[in-house]
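Undergrad:
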């Protein structure tokens with residue numbers, strides 16, 4: 116449905132998007148995931164025709180639209196700022212595009228579409244009100260209705276849930292998935308929120324510093340993260356990453372030499388002994404923790420904990436770094452307690468510090484859940 120081929124875009128001296136390649140398939144939700152300033156909004160603006168690439172090509176439904184004006188692309192875009200017209204009612208805001216010269220529809224058809232989309236989004240009672248009288252969640256729904264009523268080739272949603280409280284975000288994530296199925300929509304969705312990623316995405320594109328780091332399903336990325344950037348963003352909490360150097364057939368923490376990690380010989384291929392240029396990575400799901408000594412476990416100390424409602428994250432200190440593990444709320448450990456931890460050796464990932472690239476080996480276990 117949407118292809119960006121080797122697309123780059125700079126603003127003066129700042130490269131916002133670098134050699135971007137994306138292929139969004141028909142009827143899928145493709146989530147562009149990365150921090151603020153990573154290039155998500157620029158990518159959506161390029162897809163919408165609101166920016167012109169410096170290099171590369173953009174195809175929509177098989178047509179080269181690189182030089183095509185935005186109003187000729189038949190895409191709907193919903194920005195973080197929402198941009199509802201304050202002088203119009205919700206009804207007229209939703210109807211705005213359908214009354215334009217480009218997408219003009221008869222008033223009866225406009226009414227039929229608005230009645231349907233307002234029922235789907237539970238905003239029938241808001242149609243005669245103006246944006247200034249609405250809550251944040253109501254504004255989000257009205258802006259979403261304005262996009263859905265168009266029936267475009269592609270929906271471009273830029274952080275559409277970022278200004279909502281937790282409960283409203285949860286509700287709208289569920290509704291968006293239902294609406295996606297109902298409308299058979301193709302969606303390119305940009306967000307920095309990991310919970311939104313895992314609840315919405317058919318496929319994920321991790322973006323950082325204007326570059327697409329990796330594309331895949333959640334399981335594919337967990338199974339085989341290609342860069343340390345991906346490892347730092349995926350997961351809740353993200354992958355544990357420890358600075359290590361090779362010492363013979365083991366890896367020793369550069370923070371605290373008392374911590375030596377055993378790995379398979381195959382994992383050390385391409386590394387050199389005595390150099391501290393590696394990141395040792397392990398998902399929190401692949402860490403085991405005990406409050407009693409166990410054979411093969413390393414001794415540490417709990418240096419932090421984060422309560423998250425139904426669970427909590429404990430941190431085991433290794434110098435200035437830590438190993439994180441999710442435990443139940445009743446896990447009998449407190450700040451400062453001694454503990455012992457181990458890890459699934461077949462689930463270790465190693466990354467080069469300089470390039471951030473993963474050393475090429477494939478874990479044999481199933482992906483972290």
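Residue numbers (the numbering used here): 116 to 484.
Ideal Cβ placement from N, Cα and C applies to all residues, glycine included.
In this text the structure is predicted, and so the values were computed from the model without any measurement.
Could you tell me the boundaries of the beta strand (DSSP E) in which residue 181 lies?
TA: First-last for residue 181: undefined, no H or E at that position.
Undergrad: In its own chain, which residues sit with a C-beta less than 6 Å from the C-beta of residue 351, not counting the 5 before and 5 after it?
TA: Cβ within range, chain order: 309.
Undergrad: Apart from the five residues just before and just after residue 223, which ones in its own chain have a Cβ nearer than 8 Å to its Cβ?
TA: The answer is none, since no qualifying residue turns up.
Undergrad: Where do the N-terminal and C-terminal ends of the alpha helix (DSSP H) with residue 334 fall, by residue?
TA: Note, residue 334: alpha helix (DSSP H), 333-338.
Undergrad: Quick check on residue 255: buried or exposed, where buried means 16 or more other Cβ atoms within 10 Å of its Cβ?
TA: Counting Cβ neighbours within 10 Å, residue 255 comes out buried, since at least 16 surround it.
Undergrad: Out of 192, 403 and 357, which has the shortest C-alpha to C-alpha gap to residue 161?
TA: When each option's Cα is compared against that of residue 161, the closest is 192.
Undergrad: With distance defined between alpha-carbon atoms, name the residue in 186, 395, 174 and 464 nearest to residue 375.
TA: Answer by Cα proximity: 395.
Undergrad: Tell me whether residue 208 sits in a helix, a strand or coil according to DSSP, three-state version.
TA: Reduced to three states, the DSSP call for residue 208 is helix.
Undergrad: Taking all protein chains shown into account, decide if residue 274 is buried (16 or more other Cβ within 10 angstroms of its Cβ) or exposed.
TA: Buried.
Undergrad: What are the boundary residues of the alpha helix (DSSP H) that includes residue 252?
TA: Residues 251-263.
Undergrad: Would you list, in sequence order, the uninterrupted beta strand (DSSP E) runs of no fewer than 3 residues that lie entirely inside the region 121-177?
TA: Counting whole runs of 3 or more residues, the region 121-177 contains the beta strand (DSSP E) stretches 129-139, 144-148 and 170-175.
Undergrad: Compare the Cα-Cα distances from residue 203 to each of 333, 257 and 307 and report the closest residue.
TA: Of 333, 257 and 307, the residue nearest in Cα terms is 257.
Undergrad: Beta-carbon separation of residue 456 and residue 413 under 8 Å?
TA: Yes, the Cβ-Cβ distance between residue 456 and residue 413 is below 8 Å.
Undergrad: Under a Cβ-count criterion, where at least 16 other Cβ atoms within 10 Å of its own Cβ denotes burial, should residue 498 be classed as buried or exposed?
TA: As displayed, the chain neither begins before 116 nor continues past 484, which places residue 498 out of reach and without an answer.
Undergrad: List the endpoints of the continuous beta strand (DSSP E) containing residue 270.
TA: First-last of the beta strand (DSSP E) with residue 270: 269-273.
Undergrad: Suppose you measure from the CA of residue 220 to the CA of residue 229; what does that come to, to the nearest Å?
TA: Distance between the alpha carbons of residue 220 and residue 229: 12 Å.
Undergrad: Return the residue from the list 315, 415, 472 and 379 that minimises the CA-CA distance to residue 392.
TA: When only C-alpha atoms are compared, the closest one is 472.
Undergrad: Which full runs of the beta strand (DSSP E) of 3+ residues lie inside the region 410-440, going along the chain?
TA: Whole beta strand (DSSP E) segments, 3+ residues: 413-422 and 427-433.
Undergrad: Ends of the beta strand (DSSP E) at residue 202?
TA: Element bounds for residue 202: n/a, residue is neither H nor E.
Undergrad: Assign residue 208 to buried or exposed, taking buried as 16 or more other Cβ atoms, counted over all protein chains shown, within 10 Å of its Cβ.
TA: Its Cβ being crowded by 16 or more others within 10 Å, residue 208 is buried.
Undergrad: Note down the Cα distance separating residue 235 from residue 282, rounded to an integer number of angstroms.
TA: So the two alpha carbons sit approximately 19 Å from each other.
Undergrad: Going by DSSP, what residues sit across from residue 394 in a beta bridge?
TA: DSSP lists 358 and 466 as partners of residue 394.
Undergrad: Contact criterion: CB-CB distance below 8 Å. Does residue 364 meet it with respect to chain B?
TA: Checking the listed chains, one finds no chain B in this structure; it contains a single protein chain.
Undergrad: Between which two residues does the beta strand (DSSP E) harbouring residue 375 extend?
TA: From DSSP, the beta strand (DSSP E) with residue 375 extends over 375-377.
Undergrad: Suppose you measure from the CA of residue 217 to the CA of residue 186; what does that come to, to the nearest Å?
TA: Each residue's Cα considered, the two are about 7 Å apart.
Undergrad: Would you check if the distance between the CB atom of residue 117 and the CB atom of residue 269 is smaller than 8 Å?
TA: Yes. Within cutoff.
Undergrad: Pairs of beta-carbons, one from the region 402-417 and one from the region 314-325, closer than 8 Å: are there three or more?
TA: The region 402-417 is not in contact with the region 314-325.
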